[in-house]
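> If you're matching positions, the sequence shown starts at 3 in UniProt numbering and goes up one per residue.
Heads up, the beta-carbon is just placed ideally off N, CA and C, and yes, glycines get one too.
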Amino acid sequence: NIMKIDIVSVFPEYFEVLNLSLLGKAQEKGLVEVTAHNLRDWTHDVHHSVDDTPVGGGAGMVMKPEVWSECLDELLHLEPTTVTCDSTADADDTASADTAEPAESATEIAANADTVPATDRPVLIFPNPSAPLFTQQDATELSHANHLLFGCGRYEGYDARIPQYYRAQGVDVREYSIGDYVLNGGEVAVSVMLEAITRLLPGFMGNAASIVEESYTGENALLEHRQYTKPADWRGIKVPDVLLSGDHAKVDRFRRDEALAKTNELRPDLIEALDCSKLDKADRKT
Ligand code: ADE
Numbered sequence: 003n004i005m006k007i008d009i010v011s012v013f014p015e016y017f018e019v020l021n022l023s024l025l026g027k028a029q030e031k032g033l034v035e036v037t038a039h040n041l042r043d044w045t046h047d048v049h050h051s052v053d054d055t056p057v058g059g060g061a062g063m064v065m066k067p068e069v070w071s072e073c074l075d076e077l078l079h080l081e082p083t084t085v086t087c088d089s090t091a092d093a094d095d096t097a098s099a100d101t102a103e104p105a106e107s108a109t110e111i112a113a114n115a116d117t118v119p120a121t122d123r124p125v126l127i128f129p130n131p132s133a134p135l136f137t138q139q140d141a142t143e144l145s146h147a148n149h150l151l152f153g154c155g156r157y158e159g160y161d162a163r164i165p166q167y168y169r170a171q172g173v174d175v176r177e178y179s180i181g182d183y184v185l186n187g188g189e190v191a192v193s194v195m196l197e198a199i200t201r202l203l204p205g206f207m208g209n210a211a212s213i214v215e216e217s218y219t220g221e222n223a224l225l226e227h228r229q230y231t232k233p234a235d236w237r238g239i240k241v242p243d244v245l246l247s248g249d250h251a252k253v254d255r256f257r258r259d260e261a262l263a264k265t266n267e268l269r270p271d272l273i274e275a276l277d278c279s280k281l282d283k284a285d286r287k288t
């Protein structure tokens with residue numbers, strides 16, 4: 003079951019590095035098929051322009067909807083149509099213009115993420131610094147999709163009607179930020195999301211257990227405990243004794259305590275989000 007990935011960008015060469023590294027191997031193994039497209043291939047003017055000045059004024063340029071729609075219609079096999087909807091109705095990122103249902107809250111979506119079955123519906127993803135944060139939950143959910151289509155925005159962004167229109171066509175459209183900082187364009191953000199998603203594909207990683215144990219994974223998303231290898235004494239710094247004891251229960255308890263303490267110190271927000279019913283007595287002490 004091969005995952006098809008299309009990326010649209012004005013710098014498609016940026017994604018040539020994907021042929022190296024692990025993702026290159028995944029393509030050779032037939033797990034994924036990645037194609038980077040040049041957005042300018044869908045322009046008709048001599049200058050191949052993809053952007054225009056913002057309506058309402060302001061600095062910078064905004065990516066034009068017409069070029070994106072010609073490209074996305076072709077890649078999604080959709081016929082162009084006209085939709086009647088209020089441009090203010092789609093202000094919520096998670097709202098879908100095609101349904102009258104209230105928007106699902108971010109926590110509801112997160113709670114459902116692992117239960118969403120694989121679908122044949124393509125998922126259209128736009129990186130956007132003004133969108134909900136991309137999390138391990140999103141990566142897990144998207145790793146079950148058969149077709150991902152990433153649209154890289156450049157300059158000061160893209161016309162807001164692009165995601166709105168495709169939602170109205172019934173397309174599963176997502177907008178994600180990869181962190182609270184601003185990049186020049188979506189290319190780096192797409193690379194980050196792509197790596198987080200594709201490494202979860204069955205057969206991608208040599209050691210599947212290393213995925214199960216890592217940070218942000220599973221029902222109790224804690225930061226991972228510290229890791230050590232040999233020698234047990236290096237430049238005067240000793241590996242904690244308990245790790246050499248051979249007592250697996252003790253080792254597990256030590257690591258769990260450390261993960262809890264470390265998370266509490268560095269990411270109290272993750273402790274707040276923990277499901278208390280999943281904590282045991284020993285957890286509560288730490
Ligand atoms: N484009 C620019 N900055 C971004 C960010 N932080 N996340 C996703 N897309 C972006």
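With hydrogens ignored, establish whether the beta-carbon of residue 193 is closer than 7 Å to any heavy atom of the ligand ADE.
Checking every heavy atom of the ligand ADE against the Cβ of residue 193, none is found closer than 7 Å.
> So if I measure from each beta-carbon to every heavy atom of the ligand ADE and keep distances below 6 Å, which residues remain?
Working through the chain, the matches are 129, 130, 131, 179, 180, 181, 183, 184, 185, 188 and 191.
> Once DSSP output is grouped into helix, strand and coil, what is the label at residue 145?
In this structure, residue 145 counts as coil in the three-state DSSP scheme.
> Identify, in the order they occur along the chain, each residue of the same chain with its Cβ nearer than 8 Å to the Cβ of residue 213, setting aside the five sequence neighbours on each side.
Closer than 8 Å at Cβ, skipping near neighbours: 201, 202, 207 and 219.
> Would you check if the region 167 to 179 and the region 133 to 141 touch, i.e. whether three or more CB-CB distances between them fall below 8 Å?
The answer is yes - the region 167 to 179 touches the region 133 to 141, with three or more Cβ pairs under 8 Å.
> Residue 240 bridges to which residues according to DSSP?
DSSP lists 235 as partners of residue 240.
> Relative to the alpha-carbon of residue 289, which residue among 21, 32 and 13 has its alpha-carbon at the smallest distance?
Since the first residue of the chain shown is 3 and the last is 288, residue 289 is not available in this structure.
> Going by the C-beta, is residue 8 closer than 7 Å to any heavy atom of the ligand ADP?
Judged by which ligands are present, the ligand ADP is missing from the structure shown, whose ligands are the ligand ADE.
> Measure the alpha-carbon distance for residue 276 versus residue 223 and round it to whole angstroms.
Looking at the two C-alpha atoms, the distance is approximately 7 Å.
> What's the call for residue 70, buried or exposed, on a 16-neighbour Cβ count within 10 Å?
Buried, because 16 or more other Cβ atoms sit within 10 Å of the Cβ of residue 70.
> In angstroms, rounded to a whole number, what distance separates the CA positions of residue 7 and residue 162?
Those two C-alpha atoms are separated by around 23 Å.
> Using the C-alpha atoms, what's the distance from residue 278 back to residue 153?
Going by the C-alpha atoms only, they are around 39 Å apart.
> With respect to the alpha helix (DSSP H) encompassing residue 333, which residues constitute its N-terminal and C-terminal limits?
The first residue shown for the chain is 3 and the last is 288, placing residue 333 beyond what the model contains.
> Which value, in whole angstroms, describes the spacing of the CA atoms of residue 22 and residue 238?
Cα to Cα, the separation comes out at about 39 Å.
> Going by C-alpha distance, which of 65, 49, 39 and 53 is nearest residue 76?
Taking only the C-alpha atoms, the option nearest residue 76 is 39.
> Can you have a look at residue 48 and say buried or exposed, based on whether 16 or more other CB atoms are within 10 angstroms of its CB?
By the neighbour-count rule (16 or more Cβ atoms within 10 Å), residue 48 is not buried but exposed.
> Where does the unbroken beta strand (DSSP E) through residue 126 begin, and where does it stop?
From DSSP, the beta strand (DSSP E) with residue 126 extends over 125 to 129.
> Out of 196, 244, 53 and 52, point me to the one whose CA is closest to residue 37's CA.
The residue with the shortest Cα to Cα distance from residue 37 is 196.
> Based on DSSP bridge pairs, tell me the residues matched to residue 37.
According to DSSP, residue 37 bridges with 8.
> Going by C-alpha to C-alpha distance, which of 147, 249, 192 and 160 sits closest to residue 56?
Of the candidates 147, 249, 192 and 160, the one whose C-alpha sits nearest the C-alpha of residue 56 is 160.
> For residue 281, count neighbouring C-beta atoms within 10 Å of its own C-beta (all shown protein chains included) and say buried if the count is 16 or more, exposed if not.
Exposed, because fewer than 16 other Cβ atoms sit within 10 Å of the Cβ of residue 281.
> Rounded to whole angstroms, what's the CA-CA distance from residue 144 to residue 132? Just pull it up for me.
C-alpha separation (whole angstroms): 20 Å.
> Which residues mark the beginning and the end of the beta strand (DSSP E) in which residue 271 is found?
Unbroken run through residue 271 is the alpha helix (DSSP H), 270 to 274; no beta strand (DSSP E).
> Looking at the structure shown, is residue 1 part of a helix, part of a strand, or coil, going by DSSP?
The chain is shown from 3 up to 288; residue 1 falls before or after that span and cannot be answered.
> Can you list, in chain order, the residues of its chain whose CB lies under 8 Å from that of residue 66, leaving out five sequence neighbours each side?
Cβ neighbours of residue 66 beyond the five flanking positions: 51, 52, 53, 54 and 161.
> Counting along the chain, where does the beta strand (DSSP E) carrying residue 176 start and finish?
Note, residue 176: beta strand (DSSP E), 174 to 178.
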